[in-house]
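Quick note: the sequence shown, position 67, residue 207 per the working numbering, numbers continuous. Structure first, commentary second.
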Amino acid sequence: MEQTYQYAWILPFVPLPVPMLIGMGLLLFPTATKNLRRMWAFPSILLLSIVMVFSTNLSIQQINSSSIYQYVWSWTVDNDFSFEFGYLIDPLTSIMLLLITTVGIMVLIYSDNYMAQKFEFLLDFLLDQSQLQHCHHIVLSCRCHV
141 MEQTYQYAWI
151 LPFVPLPVPM
161 LIGMGLLLFP
171 TATKNLRRMW
181 AFPSILLLSI
191 VMVFSTNLSI
201 QQINSSSIYQ
211 YVWSWTVDND
221 FSFEFGYLID
231 PLTSIMLLLI
241 TTVGIMVLIY
251 SDNYMAQKFE
261 FLLDFLLDQS
271 QLQHCHHIVL
281 SCRCHV
């Protein structure tokens, strides 16, 4: 159980390779990337489904134990300044992780089917994924102590 909490910071980064590859493909090979636009939906939805499975596991563990887990890294420590970056897993965080991933999967499936006929489909799909990444990073907490 402790290991699940310890590696929960990886969850927002799991779906990140797909939008990065789409963005690089649009910059380097725009015609080929746009021609293969429907192909990009499957790995994106698959990776987000993996995140949803782990978020569900995390939520079930949180409901059963109802403990709070906080992990903090100190990046810079000076005499009177320290910058700490970390995450907090409590019942609200675990519910939000599950909610964001479930809604994100629904949005990606809907946008794949709805915008399949649009020529700008890939750009819209990339924007949906980047907004989803921002929602995942909201769960992480960043603190600065002076």
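In this text, a Cβ means the ideal position worked out from N, Cα and C, and glycines have one as well. Here the structure is a predicted model, which is why all the values come from computation and not from measurement.
task = Give me the Cβ distance between residue 234 and residue 202, rounded to the nearest whole Å; I'm assuming they're in contact under 8 Å.
result = 4 Å
inquiry  = How far does the beta strand (DSSP E) with residue 228 in it extend, from its first residue to its last?
reply    = 222-229
Assigned exposure category for residue 213 - 16 Cβ within 10 Å defines buried = exposed
message = I'd like the span of the alpha helix (DSSP H) that includes residue 191, first residue to last.
response = 181-205
inquiry  = So, for residue 145: in the same chain, excluding its five sequence neighbours on each side, which residues have a beta-carbon less than 7 Å away from its beta-carbon?
reply    = 209 and 229
ask   = So what's residue 158 in DSSP terms, helix, strand or just coil?
value = helix
request  = Take the Cβ of residue 220 as the centre, count every other Cβ of all protein chains shown within 10 Å, and call the residue buried at 16 or more, exposed below.
outcome  = exposed
Start and end residues, alpha helix (DSSP H) containing residue 170 = 170-175
inquiry  = Could you pull the DSSP bridge partners for residue 216 from this structure?
reply    = 223
request  = From the DSSP output, in three-state form, read off residue 147 for me.
outcome  = coil
Inter-residue CB distance, residue 154 and residue 191 (contact presumed, cutoff 8 Å) = 5 Å
ask   = How many Å lie between residue 199 and residue 186 at the Cα?
value = 20 Å
query = When the Cα of residue 152 is compared with those of 173, 250 and 244, which residue comes out closest?
reply = 244
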